[in-house]
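When the sequence shown is numbered by our numbering, its final residue is 693 and no position is left out of the sequence of numbers.
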Amino acid sequence: MEDIVYFDLETRRSAAQVGGWHQTAKMGISVSVTYSTKLDEYRIYTEEETGDLIDQLRGADLVVGYNHVGFDYGVVQPHTLWNIGEMTRNLDLCTDLSEKIGHRLKLDSVATASLGLTKTAEGTDALKWWAEYEQTKDVSKLIDIAYYCCYDVKVTMAVHRFGVENGYVLYDDRNGNIAKIGVDW
């Protein structure tokens, strides 16, 4: 059975805190989440477990994410000597869609239009929860981040599957209309 691994992560620090978006390696990982089609399970990793995360990504037949090559891998990169993007076979849905229409789409735009799903929170909420965790050591804040990240993985998987089954996805365009993009995932 082919192992498609869906992947997302949340960071400890914002771009502003580390000197800009070109400094992703300094952002740190609060939580990483994968879903494996072979194992039929979600896995949650802390930054200290990133070696195990990398092993799972390397072992996958395909890693699917939303801006994971452009962003998440930059956050993971300090944890390996090898180029994580070159060690894995990837389908970055954000990159693929952006190349087709000429601008970046948010996952929420595609998920809402295609499936009626919306995200449970924003990345800024995950940063706030991490700061609260660092201050209080309240484990419930880590659980909040893990729940949010798991749901993003679930939404990414649902968008991917919709595209595979239908040959297109929908999105909310800049004029407030629903538009269609053909995909060959």
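Glycine included, every Cβ here is placed at the ideal spot set by N, Cα and C.
Drop a sphere of 10 angstroms on the beta-carbon of residue i, count the other beta-carbons inside from all chains shown, and report buried for 16 or more, exposed for fewer.
i: residue 674; result: exposed
i: residue 712; result: There is simply no residue 712 to check, as the chain begins at 509 and stops at 693 in what is shown.
i: residue 638; result: buried
i: residue 509; result: exposed
i: residue 682; result: exposed
i: residue 649; result: buried
i: residue 671; result: buried
i: residue 612; result: exposed
i: residue 513; result: buried
Do you know whose CA, among the options, lies nearest residue i's CA?
i: residue 667; options: 518, 690, 511 and 548; result: 690
i: residue 633; options: 512, 522 and 510; result: 522
i: residue 607; options: 626, 575, 583 and 661; result: 575
i: residue 583; options: 651, 598, 558 and 676; result: 558
i: residue 562; options: 646, 517, 534 and 617; result: 517
i: residue 593; options: 648, 581, 586 and 564; result: 581
i: residue 530; options: 579, 619, 627 and 669; result: 579
i: residue 590; options: 566, 605, 599 and 601; result: 566
Just to confirm before moving on: does the CB-CB distance between residue i and residue j stay below 8 Å?
i: residue 596; j: residue 571; result: yes
i: residue 511; j: residue 544; result: yes
i: residue 663; j: residue 605; result: no
- Query: What are the start and end residues of each continuous beta strand (DSSP E) run of 3 or more residues lying completely inside the region 614-648, in chain order?
  - Reply: none
- Query: Any chance the region 649-666 sits against the region 533-546, with 3 or more Cβ pairs inside 8 Å?
  - Reply: yes
- Can you give, in chain order, each stretch of the beta strand (DSSP E) that sits fully within the region 560-617 and has at least 3 residues? 570-573 and 598-600
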